[in-house]
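Data block below; observations after.
Numbering (the numbering used here), first residue to last: 1 to 278.
This is the structure:
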């Protein structure tokens, strides 16, 4: 049936085989990719995991399982953004929600809007020799490249919610440190109305680390170090810290290079903070 291009008939046949023998490795292998292509990610993962456990040397199954687990991790991260969006109301714009979430940081004592660059970078020559548009630098690029230190740490008397205020670009980014259960240990995700969305975001993202760890463990690749997700609303960066993970959400208008440099500082600061609190 597959040779004739009829995946549905093939799936029905393999499904019938599994009903007779639930441990039939070839049937699980044959069903994994069609279920993936049909959008049934969890079913595809289960079939491919079983097939990979029965035949660890099957490189095709391993590659397919790697792809499925990667898509599932992205799906779960995107779902967290959608959940935060829905929590703010059906008419709220996702980018506006992100801006509102860090409005409290911009209003904190001593915190102002990010400084504008002193000048635009020189225009890069176009391939045909004609002048190219100037390339604008992100706010305070030198600060973003600096290693986290005393200037990044919260001021004396400030709580864990202020951990990342010296690092993130106020009004454009949100940073959280989540524990192993998805609970917020540090950072904040507040809307302009004062509503805290950190707990909701943490609950949605708690499964991402588990899926990443499961995939890395299955392929014996060591510990996972980073996940990057781009959605229509925002860019998400995730990295482990202590028993939990650091999450940075940034508006899509923020250059990716700047987001990643800022995230590196957030991760270093969070790991330092976790170590001191241990």
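In this text, a Cβ means the ideal position worked out from N, Cα and C, and glycines have one as well.
Requested in this report: Let me know the secondary structure DSSP gives residue 201 once reduced to three states.
Outcome: helix
Query raised in the report: If you draw a straight line from the C-alpha of residue 197 to the C-alpha of residue 187, how long is it?
Result: 11 Å
Query raised in the report: Counting along the chain, where does the beta strand (DSSP E) carrying residue 267 start and finish?
Result: Per DSSP, residue 267 belongs to no beta strand (DSSP E); it is in the alpha helix (DSSP H), 256-277.
Query raised in the report: Can you name the start and end residues of the beta strand (DSSP E) that residue 26 belongs to?
Result: Segment 25-37 is the alpha helix (DSSP H) holding residue 26; no beta strand (DSSP E) there.
Query raised in the report: Can you list, in chain order, the residues of its chain whose CB lies under 6 Å from that of residue 272, leaving out five sequence neighbours each side?
Result: none
Query raised in the report: Can you tell me the Cα-Cα spacing of residue 165 and residue 61, whole angstroms?
Result: 45 Å
Requested in this report: On a CA-only basis, which of 41, 68, 18, 24 is nearest residue 216? Give me that one, please.
Outcome: 68
Report task. Check the C-beta distance from residue 249 over to residue 234 and give it rounded, since I have them as a contact under 8 Å. Result -> 5 Å
Query raised in the report: Taking DSSP as the reference, what is the three-state secondary structure of residue 90?
Result: Because the pLDDT of residue 90 is 43, which lies under 50, any placement of that residue in the model is unreliable, and the question is left without a value.
Report task. Assign residue 204 to one of two classes, buried (16 or more other C-beta atoms within 10 Å of its C-beta) or exposed (fewer than that). Result -> buried
Query raised in the report: CA-CA distance, residue 253 and residue 172?
Result: 8 Å
Report task. For the beta strand (DSSP E) holding residue 175, just list the boundary residues, first then last. Result -> 173-178
Query - Start and end residues, beta strand (DSSP E) containing residue 238 - result: 234-241
Query raised in the report: If you drop the 5 nearest sequence neighbours on each side, which residues of the same chain put their C-beta closer than 7 Å to that of residue 66?
Result: 215, 219
**Report entry** Neighbour-count burial assignment, residue 19, 16 or more Cβ in a 10 Å radius
**Finding:** exposed
Report task. Measure the CB-CB distance between residue 177 and residue 163 and report whether it falls below 9 Å. Result -> yes
Query raised in the report: What span of residues does the beta strand (DSSP E) with residue 249 cover, start to end?
Result: 244-251
Query raised in the report: Can the beta-carbon of residue 211 be found closer than 9 Å to that of residue 76?
Result: yes
Query raised in the report: In the DSSP assignment, what are the bridge partners of residue 69?
Result: Paired residues: none, contrary to the question.
Query raised in the report: Who are the near neighbours of residue 256 in its chain, counting only those whose CB is closer than 7 Å to its CB and skipping five residues on each side?
Result: 235
Requested in this report: Determine the closest residue to residue 189 out of 246, 27, 180, 242, with distance taken between C-alpha atoms.
Outcome: 246
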